[in-house]
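Colleague: Residue numbers (this note's numbering): 458 to 577.
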């Protein structure tokens, strides 16, 4: 699917840990997918994200400096998969957003922020 095309790696299906009636969610039901990128695939993805995909985002005004988790990791919401040039608009069934978390070894938000600034 789209996630494989964007990341170059097959995603793992995530399942609900418990049932939540409000969301009509049943325990064990598939609720999403996740991909963990490391090494060369990670660097390639970050390069495409920073230099190609994010600039293609409608009304893009930079990323929020408040999205750090207290341990230097950064989470970013992507509104639609179409910002990646690999995705063919005519071949998608629906527009899907996703969340992206950049996990690193920085001990705190300040150092995590500095790391991301150096990346671009």
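Idealized CB from N, CA, C, for every residue including glycine.
Just mark residue 506 as buried or exposed, buried being the case when its beta carbon has 16 or more other beta carbons within 10 Å.
Modeller: buried
Colleague: In three-state DSSP terms, what is residue 471?
Modeller: strand
Colleague: From 522, 464, 519, 512, pick the residue whose C-alpha is nearest to that of residue 497; which is it?
Modeller: 464
Colleague: Residue 569 and residue 530 look like a contact to me (Cβ under 8 Å); what is the Cβ gap, rounded to whole Å?
Modeller: 6 Å
Colleague: With DSSP as the reference, label residue 558 as helix, strand or coil.
Modeller: strand
Colleague: Please report the distance separating the alpha-carbon of residue 550 from that of residue 471.
Modeller: Rounded to whole angstroms, residue 550 to residue 471 spans 20 Å at the Cα level.
Colleague: Quick one: using the 10 Å Cβ neighbour count with 16 as the cut-off for buried, is residue 573 buried or exposed?
Modeller: buried
Colleague: So what does DSSP say about residue 524, is it helix, strand or coil?
Modeller: coil
Colleague: Leaving out five residues on either side along the sequence, give the residues of the same chain with a beta carbon under 6 Å from the beta carbon of residue 577.
Modeller: Taken in chain order, the residues that qualify are 507.
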